[in-house]
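Novice: Structure incoming, see below.
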Amino acid sequence: MTLPTRPLRLDGSGRTDRAMASLIGVVALYRRLSGMSGRRRPPVATVARDLPLVVDEVRREADGVAGLRLVHERGAPLPRWRPGAHIDLSPRPGLVRQYSLCGDPADRSAYRVGVRSLGEGSAAVHALEKGARVTARGPRNAFPFVASPAYLFVAGGIGITPILPMVRQAAAAGADWRLVYTGRDEASMPFLEELSRIEALFPAERSSALSGDRVWIRPDTTYGIPASGAELLEGAPEGAPIYCCGPAPMIVGVRTDAALRASGPVFFERFSPPPIVGGEPFRVALARSGRVLDVPADRTTLDLLRETVPGIAYSCRQGFCGTCEVPTVTGDRVRICVEREPVSLDL
Ligand code: FES
Numbered sequence: 131m132t133l134p135t136r137p138l139r140l141d142g143s144g145r146t147d148r149a150m151a152s153l154i155g156v157v158a159l160y161r162r163l164s165g166m167s168g169r170r171r172p173p174v175a176t177v178a179r180d181l182p183l184v185v186d187e188v189r190r191e192a193d194g195v196a197g198l199r200l201v202h203e204r205g206a207p208l209p210r211w212r213p214g215a216h217i218d219l220s221p222r223p224g225l226v227r228q229y230s231l232c233g234d235p236a237d238r239s240a241y242r243v244g245v246r247s248l249g250e251g252s253a254a255v256h257a258l259e260k261g262a263r264v265t266a267r268g269p270r271n272a273f274p275f276v277a278s279p280a281y282l283f284v285a286g287g288i289g290i291t292p293i294l295p296m297v298r299q300a301a302a303a304g305a306d307w308r309l310v311y312t313g314r315d316e317a318s319m320p321f322l323e324e325l326s327r328i329e330a331l332f333p334a335e336r337s338s339a340l341s342g343d344r345v346w347i348r349p350d351t352t353y354g355i356p357a358s359g360a361e362l363l364e365g366a367p368e369g370a371p372i373y374c375c376g377p378a379p380m381i382v383g384v385r386t387d388a389a390l391r392a393s394g395p396v397f398f399e400r401f402s403p404p405p406i407v408g409g410e411p412f413r414v415a416l417a418r419s420g421r422v423l424d425v426p427a428d429r430t431t432l433d434l435l436r437e438t439v440p441g442i443a444y445s446c447r448q449g450f451c452g453t454c455e456v457p458t459v460t461g462d463r464v465r466i467c468v469e470r471e472p473v474s475l476d477l
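Under my numbering, residues 131 to 477 are what the sequence shown spells out, in order.
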């Protein structure tokens with residue numbers, strides 16, 4: 131579409147028309163934001179090889195949250211990524227966990243991740259010190275950021291990590307945006323300073339479709355728990371996409387209320403696998419050991435194998451990273467975190 135550079139009156143008189151000026155502004159903004167959709171940029175390659183990285187910096191970002199800056203061991207530029215991407219990080223051999231990239235996609239000298247101490251994988255990451263060597267695969271993006279003139283971001287706790295680069299990019303592109311960031315208490319919520327700097331640089335305009343401040347920090351200690359979906363969606367502009375990352379109840383609340391109020395599309399990323407609903411029990415044979423596992427309706431083969439096979443590798447537990455793939459006796463490979471058919475594994 132070719133747009134006039136100077137807005138014309140809709141009645142053809144040639145004088146500036148405010149409605150037309152707004153329309154042109156919105157389309158121009160949309161075009162600028164469309165740069166994020168990838169049509170004009172070289173595609174981000176999925177890296178299917180190991181990246182040798184070195185821990186360049188370890189920071190304490192909040193209570194129980196470590197921030198790591200990772201660089202290539204030879205100082206080489208790192209593969210490109212876009213907001214929403216993650217890497218599969220192996221802090222030690224045999225252990226792989228996924229972490230969202232939370233730094234600046236334009237900075238190819240380093241990746242930044244924020245890791246809350248929650249279990250074996252994150253404990254291993256927290257034990258890393260400056261100079262430690264780690265490997266990573268990726269980046270991959272299962273939480274893609276779409277072009278839009280307005281956004282609502284909803285983050286819970288460490289769920290801020292994929293949201294942070296989205297906020298930066300939306301702000302830099304001139305989009306109208308608002309972030310609701312929930313957490314147990316402020317001391318446990320990483321990147322608060324960084325967010326306040328972004329908000330100061332890109333304050334909400336009076337004409338904003340979103341009311342109030344750009345960023346609402348919502349610690350449970352101040353506002354009570356749990357935040358309802360309706361509360362989190364307050365002020366969401368009509369039709370704007372909603373990006374949500376955090377604990378499962380928060381995502382369910384946002385999705386449910388968004389559906390009720392027919393708001394914009396909800397894009398979400400979970401920390402943990404969704405509950406199994408309507409599952410059936412099934413049987414898995416371990417051909418080498420001759421054992422048989424009876425997998426109940428509400429559990430996975432991975433759950434059972436984790437209890438009996440030490441060191442079984444897994445990461446996302448949602449079926450998309452491939453870390454838990456194991457061979458079957460027929461030579462196929464199955465992802466045991468999601469596969470729910472009887473199978474004979476070559477284990
Ligand atoms: S753990 Fe990621 S696919 Fe199973």
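Idealized CB from N, CA, C, for every residue including glycine.
None of these values were measured; they are calculated from a predicted model.
Would you mind working out which of A388, V345, P333, K260 sits nearest S358, comparing C-alpha positions?
Specialist: The residue labelled residue 358 in the question sits at position 228 within the sequence shown. It is A388.
Novice: Output needed for P172: all residues of its chain with C-beta closer than 6 Å, excluding positions within five of it in sequence on either side, in chain order.
Specialist: If you number the sequence shown from 1, residue 172 lands on position 42. In this prediction, P172 has a pLDDT of 45, which is less than 50 and means its spatial position is unreliable; what the coordinates show is noted afterwards. If we look at P172 and ignore the five residues flanking it on each side, it has no Cβ neighbours.
Novice: In the DSSP assignment, find the unbroken alpha helix (DSSP H) run with I406 in it and report its ends.
Specialist: The residue given as residue 406 occupies position 276 in the sequence shown. Where I406 is concerned, there is no enclosing alpha helix (DSSP H), given that its DSSP letter is neither H nor E.
Novice: Which residue's Cα is closest to the Cα of T460: A415, I381, H256?
Specialist: As a working note, residue 460 is residue 330 in the sequence shown. Answer by Cα proximity: A415.
Novice: Is E329 closer than 8 Å to L308 when the C-beta atoms are compared?
Specialist: For the purposes of this step, residue 308 is taken as residue 178 along the sequence shown, with counting starting at 1. For the purposes of this step, residue 329 is taken as residue 199 along the sequence shown, with counting starting at 1. What sits at residue 308 in the sequence shown is Arg, not Leu. No; because the gap between Cβ atoms is not below 8 Å, this pair is not in contact.
Novice: Among the residues of its own chain, which have a CB less than 7 Å from the CB of R465, if the five just before and after it don't count?
Specialist: As a first step, residue 465 is located in the sequence shown; it is residue number 335 there, counting from the start. For R465, where only same-chain residues beyond five positions count, the Cβ hits under 7 Å are G449, G452, C454, E455.
Novice: Which residue or residues does DSSP assign as beta-bridge partners of A275?
Specialist: Here residue 275 refers to the residue found at position 145 of the sequence shown. The amino acid at residue 275 is misidentified as Ala; the sequence shows Phe. In the DSSP output, where bridge partners are listed per residue, F275 has none listed.
Novice: Put S220 into one of helix, strand or coil per three-state DSSP.
Specialist: As a first step, residue 220 must be located in the sequence shown, where it is residue number 90. Correct three-state label for S220: strand.
Novice: For a test of your reading of the model: does the CB of G452 fall under 7 Å from any non-hydrogen atom of the ligand FES? Yes or no.
Specialist: Sequence index remark: in the sequence shown, residue 452 carries index 322 (1-based). Indeed, a heavy atom of the ligand FES lies less than 7 Å from the Cβ.
Novice: Provide the residue span of the beta strand (DSSP E) that contains D193, from first to last.
Specialist: Position 63 of the sequence shown, counted from the start, is the residue given in the question as residue 193. First-last for D193: undefined, no H or E at that position.
Novice: Who are the Cβ neighbours of P333 in its own chain at under 6 Å, not counting the five residues just before and after it?
Specialist: As a position in the sequence shown, residue 333 is number 203, starting the count at 1. Excluding sequence neighbours, P333 sits near nothing in its chain.
Novice: Between which two residues does the alpha helix (DSSP H) carrying A285 extend?
Specialist: Residue mapping note: residue 285 aligns to position 155 of the sequence shown, counting from 1. Element bounds for A285: not the alpha helix (DSSP H) but the beta strand (DSSP E), 280 to 286.
Novice: Could you pull the start and end residues of the alpha helix (DSSP H) that D387 belongs to?
Specialist: As a first step, residue 387 is located in the sequence shown; it is residue number 257 there, counting from the start. Run containing D387: 378 to 390, per the alpha helix (DSSP H) assignment.
Novice: Roughly how many angstroms separate the alpha carbons of A214 and G420, rounded to a whole number?
Specialist: As a first step, residue 214 must be located in the sequence shown, where it is residue number 84. As a first step, residue 420 must be located in the sequence shown, where it is residue number 290. Correcting the residue type first, residue 214 is Gly in the shown sequence and not Ala. One C-alpha to the other measures close to 42 Å.
Novice: Can you check which of these residues, R429, R314, L322, is closest to D350 by C-alpha distance?
Specialist: As a position in the sequence shown, residue 350 is number 220, starting the count at 1. Out of R429, R314, L322, R314 has the C-alpha closest to the C-alpha of D350.
Novice: Between M319, V468, S220, which lies nearest to S402 when the distance is taken from Cα to Cα?
Specialist: Reading the sequence shown from its first residue, position 272 is the one you call residue 402. The shortest Cα separation from S402 among M319, V468, S220 belongs to V468.
Novice: Using the Cα positions of P320 and G197, report the straight-line distance between them to the nearest angstrom.
Specialist: In the sequence shown, counting from the first residue as 1, residue 320 sits at position 190. In the sequence shown, counting from the first residue as 1, residue 197 sits at position 67. For P320 and G197, the distance between alpha carbons rounds to 9 Å.
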